[in-house]
Each structure stands twice: as structure tokens, then as C-alpha cells.
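Just below is one structure, and these are the notes that go with it.
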Amino acid sequence: MSKTDAGNFFEDFTVGRVLTHATPLTLTAGDVSLYRALYGTRVAVQSADSFAKAVGYPQAPLDDLLVFHAVFGKTVPDISLNAVANLGYADGVFKGAVYPGDTLSSVSEVIGVKENSNGKTGTVYVRTTGRNQRGEEVLSYVRWVMVRKRDAANPAPTPVVPLLPEAVDPSQLGAAVPALSASDWDAALAGSANFWEDYEPGEKIDHVDGMTVEESDHMLATRLYQNTAKVHFNQHTEGQGRFGRRLIYGGHVISLARALSFNGCQNAFHLAAINGGRHVAPLFAGETVYAWSEVLERADIAGRSDIGATRMRLVATKDRTSSDCPYKDGEGYADGVILDFDAWFVLPRRG
Numbered sequence: 108m109s110k111t112d113a114g115n116f117f118e119d120f121t122v123g124r125v126l127t128h129a130t131p132l133t134l135t136a137g138d139v140s141l142y143r144a145l146y147g148t149r150v151a152v153q154s155a156d157s158f159a160k161a162v163g164y165p166q167a168p169l170d171d172l173l174v175f176h177a178v179f180g181k182t183v184p185d186i187s188l189n190a191v192a193n194l195g196y197a198d199g200v201f202k203g204a205v206y207p208g209d210t211l212s213s214v215s216e217v218i219g220v221k222e223n224s225n226g227k228t229g230t231v232y233v234r235t236t237g238r239n240q241r242g243e244e245v246l247s248y249v250r251w252v253m254v255r256k257r258d259a260a261n262p263a264p265t266p267v268v269p270l271l272p273e274a275v276d277p278s279q280l281g282a283a284v285p286a287l288s289a290s291d292w293d294a295a296l297a298g299s300a301n302f303w304e305d306y307e308p309g310e311k312i313d314h315v316d317g318m319t320v321e322e323s324d325h326m327l328a329t330r331l332y333q334n335t336a337k338v339h340f341n342q343h344t345e346g347q348g349r350f351g352r353r354l355i356y357g358g359h360v361i362s363l364a365r366a367l368s369f370n371g372c373q374n375a376f377h378l379a380a381i382n383g384g385r386h387v388a389p390l391f392a393g394e395t396v397y398a399w400s401e402v403l404e405r406a407d408i409a410g411r412s413d414i415g416a417t418r419m420r421l422v423a424t425k426d427r428t429s430s431d432c433p434y435k436d437g438e439g440y441a442d443g444v445i446l447d448f449d450a451w452f453v454l455p456r457r458g
């Protein structure tokens, strides 16, 4: 009997199946430094213990997307090792702050399956929950993945497509943020005097800067998150594939766009929820990522006078500056758009 595991194929996923993922991961200050080296993140709350403590945190929490990647990476061997593409995200909520020294683990439940018309692949929907060493939920999200069938002749399952909300209800936001002392929020140190009240629905923000991705960047990232998807790190197999080269992990693009968004959204210190996300087109090494945001709405957070939520569409483009690349081109996405990411961000209210 083989001791190795080829991963799950589409036929292996049944609605209700629960997958407990190996291996728990303790995140340390070393992971924080590597994450900053990859993306150049500059948000003050996650960058400086002194700033975080001044506004009410016990210490600087981990970047929310570092938490997301760690939880996501656990799931790859069981869910997307045989994936063709990761299609989207929804209903993601960050439920607790994570600090250096915390250990994260992941469990997923299959909530939907639907074979594709070609009979060779199918879409699998899963809800993944990340917990810390105390068993407390820190993150929950849904994603759907196109997965290869082991044998195209195998019968199709009864299709089940979960009903997902268009957006996370604002009442679910803010659990990962302690009571803030807004009067101690140093706008100069944070990098901007723009608070929650200053972002108007319909406003578009060009984040201006661009970042070119190297092979070493995304290879280091996938290993940092223990993401074993062969499409990202195995040139021997992917050199013969559809693109002839390795794909850059979609989460790497999200983190790049988030880091670039600092220029214009400096006080958006917490990614509270993922309403929806789509990887529109692939990114490869040598290409340059730009980003812009559109403010979709603002919302109060129940029981909180210190913070407010701003819903933004974060759009990433490649080799086209944000000012040169529209979001849509006719009925579809414009050429050059690689990411469409709809999320709630938390900002301090003006103290």
C-alpha cells in the first residue's frame, strides 16, 4: 500500500464531508518579517508594538492576510492539490486577532459540488475555519475551486450550489478589534489624516505605485504558507501545462494589492471581511502589479463608536497602471485586470 497521497479529485468530495487539515502552524516574528519582505506592508497597527499598544491592542497583531494565507495553505493538500483554478471567495469573516506565538489550524466542510459540462472537472465549494491554539475561531470563509476528475467516465454527482450572501453583514464585523482609544490615534505616524468619515461611496482611489513580481517572491511565499499546489512551485510539471510556466498564487496577488493600497488607505488598518473575490486572470513572474479601490459603502458597527466599516472594491491590474486600466470593458473585465476583491475594511472614527 502506498504511503504517499495524490490528493483528492472531484469524485472524492461529497457534501457534508469534513476535512481536518495537517499541519498546525505557529506564526512568529520571523513570519511577520518575511511577510513584510514579500509585500512591503506599512500599516502602523501591524508594524509597531508601540502604536498598537497606544490605541488599545496588547501588542501588534499579525497582518490579517498573513492569517488568511496560513489558514488557506493548510487546506491545499486536501482541497486544491488537483485543482485547475481557484475560482473565488465569499462570506469571509476575521473573528479574532492573531499575535506572534499563536498556532493556527484549519478544518473545512464541503458545502457544494457541481460537475462542469466538459465532464473532466467539477467545482467544489468548501467552508474553511481557522482556529488558534485555544480552539477559538479566528477566520471563516468560503471558497470554490475547479478540480480535475480522476476519471471522466465516473458519474456526475447531484449538483449542490450553496447560497452565499452578496456581502457580510456589518453586524459581524469588528470582533478582532479591541476597544480603541481613538484620541490616541497618531495620524502622522499612521501616515494619513483621513478617517472613516472621509471615504465617500463612489470615490475611486488610484494607489499609484506598482510592484514587479519575481520568481523568488512567489516561490518563497508559497513555501512560507506551506502551500503545496504544484501549479505554483513545480516547473517540471507546469512547464508542460496550459501556460508553460508556474502560476503565481492568487493570494500573493491579494497581498500585493493590499500592500499597494496603503497609498490612499493608510488608516484602513483591519481587513474585517471578504465579501467576494475573483482571480480574473493569471499573473506570472516579471509582470508588474498596480491597484486601485472604489468605495462602495460605509457602515456603522453595532456598539462601536471608535471604529467604522468601509466596503471597498480593490482591483489589481498587471502591466497597466490603474489610471490606464478601467474595471470593465464592455460586458467583461478589461484586459489587464487580474483581481476583483470586495471587502470590508475597518478604520478609526475621528476622535
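Per the working numbering, the sequence shown starts with residue 108, numbered consecutively. Cβ coordinates follow ideal geometry from the N, Cα and C atoms, glycine included. Keep in mind the model is a prediction, meaning the values are calculated, not measured.
>> Considering just the uninterrupted stretch of the alpha helix (DSSP H) at Pro-389, what are its terminal residues?
In response: Within the sequence shown, the letter at position 282 stands for residue 389. First-last for Pro-389: undefined, no H or E at that position.
> Would you say Val-205 and Pro-168 are within 8 Å of each other, going by their C-beta atoms?
Replying inline: Numbered from 1 along the sequence shown, position 98 holds the residue referred to as residue 205. Numbered from 1 along the sequence shown, position 61 holds the residue referred to as residue 168. Yes; because the gap between Cβ atoms is below 8 Å, this pair is in contact.
> Hey, Ala-366 and Tyr-146 are a contact pair by Cβ (cut 8 Å); roughly how many whole angstroms apart?
Replying inline: Translated into positions along the sequence shown, residue 366 becomes position 259. Translated into positions along the sequence shown, residue 146 becomes position 39. With a Cβ gap of about 4 Å, Ala-366 and Tyr-146 count as contacting.
>> If the criterion is Cβ atoms closer than 8 Å, does the pair Ala-151 and Leu-390 meet it?
In response: The residue you call residue 151 lines up with position 44 of the sequence shown. The residue you call residue 390 lines up with position 283 of the sequence shown. No Cβ-Cβ contact shorter than 8 Å links Ala-151 with Leu-390.
>> Given this structure, state the Cα-to-Cα distance separating His-386 from His-359, to the nearest angstrom.
In response: One-based indexing of the sequence shown puts residue 386 at position 279. One-based indexing of the sequence shown puts residue 359 at position 252. Straight-line spacing of the CA atoms in His-386 and His-359 works out to 11 Å.
> Would Gln-279 be called buried (16 or more neighbouring beta carbons within 10 Å of its own) or exposed?
Replying inline: As a working note, residue 279 is residue 172 in the sequence shown. Buried, since its Cβ has 16 or more Cβ neighbours within 10 Å.
> Among His-377, Ala-190, Phe-179, which has the Cα closest to the Cα of Trp-451?
Replying inline: Along the sequence shown, read from residue 1 onward, the residue named residue 451 stands at position 344. It is His-377 whose Cα lies nearest to the Cα of Trp-451.
>> Buried or exposed for Ser-368, going by 16 or more other Cβ atoms inside 10 Å?
In response: Numbered from its first residue, the sequence shown carries residue 368 at position 261. Buried: at least 16 other Cβ atoms inside 10 Å.
> If we call anything under 8 Å between Cβ atoms a contact, is Asp-426 one with Gly-439?
Replying inline: Looking up residue 426 in the sequence shown gives position 319. Looking up residue 439 in the sequence shown gives position 332. Taking 8 Å as the Cβ cut-off, Asp-426 and Gly-439 do not qualify as a contacting pair.
> According to DSSP, which residues form a beta bridge with Arg-234?
Replying inline: On the sequence shown, residue 234 is found 127 positions in, with the first residue counted as 1. Answer is Glu-216, Val-249.
> In the DSSP assignment, what are the bridge partners of Trp-399?
Replying inline: Counting from 1 along the sequence shown, the entry for residue 399 is found at position 292. Answer by DSSP bridge pairing, in chain order: Asp-313, Val-422.
>> Using the three-state DSSP reduction, which class does Trp-292 fall into: helix, strand or coil?
In response: Counting from one through the sequence shown, the residue named residue 292 turns up at place 185. Coil.
> By Cβ distance, which residues of its chain are closer than 7 Å to Glu-401, with the 5 residues on each side in sequence left out?
Replying inline: In the sequence shown, residue 401 corresponds to position 294, counting from 1. Contacts found: Lys-311, Met-419, Arg-420.
>> Taking 8 Å as the threshold (C-beta atoms), are Val-453 and Ala-416 in contact?
In response: Position 309 of the sequence shown, counted from the start, is the residue given in the question as residue 416. Position 346 of the sequence shown, counted from the start, is the residue given in the question as residue 453. Less than 8 Å divides the Cβ of Ala-416 from the Cβ of Val-453.
> Taking one C-beta from the stretch 271 to 286 and one from the stretch 407 to 414 each time, how about it: are there three or more such pairs within less than 8 Å?
Replying inline: Touching, yes, given that three or more Cβ pairs across the two stretches are closer than 8 Å.
>> Using C-beta distances below 6 Å, list every residue in its chain close to Gln-373, excluding the 5 sequence neighbours before and after it, in chain order.
In response: Numbered from its first residue, the sequence shown carries residue 373 at position 266. Once the five neighbours on either side are set aside, the close Cβ partners of Gln-373 are Ala-297, Gly-298, Ser-299.
> In terms of residue numbering, what span does the alpha helix (DSSP H) encompassing Gly-180 cover?
Replying inline: Your numbering for residue 180 matches position 73 in the sequence shown. Per DSSP, the continuous alpha helix (DSSP H) segment holding Gly-180 begins and ends at 171 to 186.
> In chain order, what residues of the same chain lie with their CB nearer than 6 Å to the CB of Glu-243, ignoring the 5 residues before and after it?
Replying inline: Numbered from its first residue, the sequence shown carries residue 243 at position 136. Closer than 6 Å at the Cβ level, and outside the excluded window around Glu-243, lie Gly-203.
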